[in-house]
Amino acid sequence: MPSTANLQKPIGLLGGTFDPPHVGHLRVAQAVMDHLNLQSIYFVPCYQSPIGKQPIASPEQRLEMLQLMLQGHPNFKADNRELARQGISYTIDTIKSYRAEHPDTPLYLIIGLDNFETFDTWREYEKILAEAKLIVVNRRAKNFEQHLKGEILHLHIPFINISATDIRQKIKNNIDLENSLAKSVYHYIQRNHLYL
């Protein structure tokens with residue numbers, strides 16, 4: 004008889020700045036959930052990315068917006084461990100933290116093709132691949148070269164054409180964001196005068 008550890012559904016980890024969190028993040032998570040039958044997906048906002056600019060919204064604001072967006076999605080959870088840790092957020096530290104809490108649960112790290120193209124420059128990327136299956140989400144119909152050793156699955160999700168950078172620009176220019184943000188997130192941004 005198989006052990007219960009072998010029957011546990013995988014957990015997905017979706018990291019990012021979420022500045023702001025948008026409908027594209029939800030669509031990616033839902034597509035991964037539908038394709039792979041995960042137990043849950045944790046949205047993990049970074050405190051500070053090792054490669055990107057400093058986020059505009061505060062860590063608390065980004066977490067609050069994420070929590071608002073995820074209301075009504077019981078399998079999607081906001082996780083503040085990188086925010087609480089502060090400093091530069093390295094994925095390997097987060098993977099180790101999840102592995103300590105869930106030693107027998109498969110972990111799936113969800114990243115975009117843009118991040119995959121530089122994945123071999125990430126801190127301890129080989130250890131990430133040893134601890135988690137990599138799910139590479141591609142918004143464009145573009146093939147990618149498999150050059151890393153590890154479990155890597157490619158998912159093409161053609162209908163997502165939303166970026167946080169574009170959203171921030173549209174907010175500055177007072178352009179309609181009805182299809183890009185959850186209403187609760189949009190109202191939060193307005194109330195807090197973010198991205199102006």
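Per my numbering, the sequence shown starts with residue 4, numbered consecutively. Every residue gets a Cβ at the ideal spot worked out from N, C-alpha and C, and that includes glycine.
Quiz item: DSSP three-state call for G198: helix, strand or coil?
Solution: To locate residue 198, count along the sequence shown from 1; it is residue 195. Gly is not the amino acid found at residue 198; the sequence shown has Tyr there. Looking at Y198 - three-state DSSP - the assignment turns out to be coil, as it is neither helix nor strand.
Self-check item: Rounded separation between E127 and N40 - CA only
Solution: The sequence position of residue 127 within the sequence shown is 124, counting from 1. The sequence position of residue 40 within the sequence shown is 37, counting from 1. Take the alpha-carbon of E127 and the one of N40: they are about 28 Å apart.
Exercise. With DSSP collapsed to three states, give me the class of I14.
Key: Numbered from its first residue, the sequence shown carries residue 14 at position 11. Three-state result, I14: strand.
Self-check item: Spatial neighbours of E134 in its chain, beta-carbon cut-off 6 Å, leaving aside the 5 residues before and after
Solution: In the sequence shown, counting from the first residue as 1, residue 134 sits at position 131. So the list reads I98 and R102, once near-sequence residues are dropped.
Exercise. Can you tell me which of the three DSSP states Y235 falls into?
Key: Residue coverage of the chain in this structure runs from 4 to 199, which leaves residue 235 outside it and unanswerable.
Exercise. Could you tell me which of C49, S61, I160 and N177 sits nearest to N195, measuring between CA atoms?
Key: As a working mapping, residue 195 is identified with position 192 in the sequence shown. When only C-alpha atoms are compared, the closest one is S61.
Quiz item: With C-beta atoms as the reference, is L184 less than 8 Å away from H25?
Solution: The count along the sequence shown starts at 1 and reaches residue 184 at position 181. The count along the sequence shown starts at 1 and reaches residue 25 at position 22. Yes, these two residues count as a Cβ contact at 8 Å.
Quiz prompt | Beta-carbon gap between L73 and F46 smaller than 8 Å | solution = Stepping through the sequence shown from its first residue, residue 73 is reached at position 70. Stepping through the sequence shown from its first residue, residue 46 is reached at position 43. In contact: L73 and F46 (Cβ atoms closer than 8 Å).
Quiz item: According to the neighbour-count rule (16 or more other Cβ atoms, all chains shown, within 10 Å of its Cβ), is H190 buried or exposed?
Solution: The sequence position of residue 190 within the sequence shown is 187, counting from 1. H190 should be labelled exposed.
Quiz item: Using the beta-carbon count (16 or more within 10 Å), is S92 buried or exposed?
Solution: Locating residue 92 in the sequence shown gives position 89, where the first residue counts as 1. That one is buried.
Quiz item: Would L199 be called buried (16 or more neighbouring beta carbons within 10 Å of its own) or exposed?
Solution: Against the sequence shown, residue 199 aligns to sequence position 196. When all chains shown are included, L199 counts as exposed.
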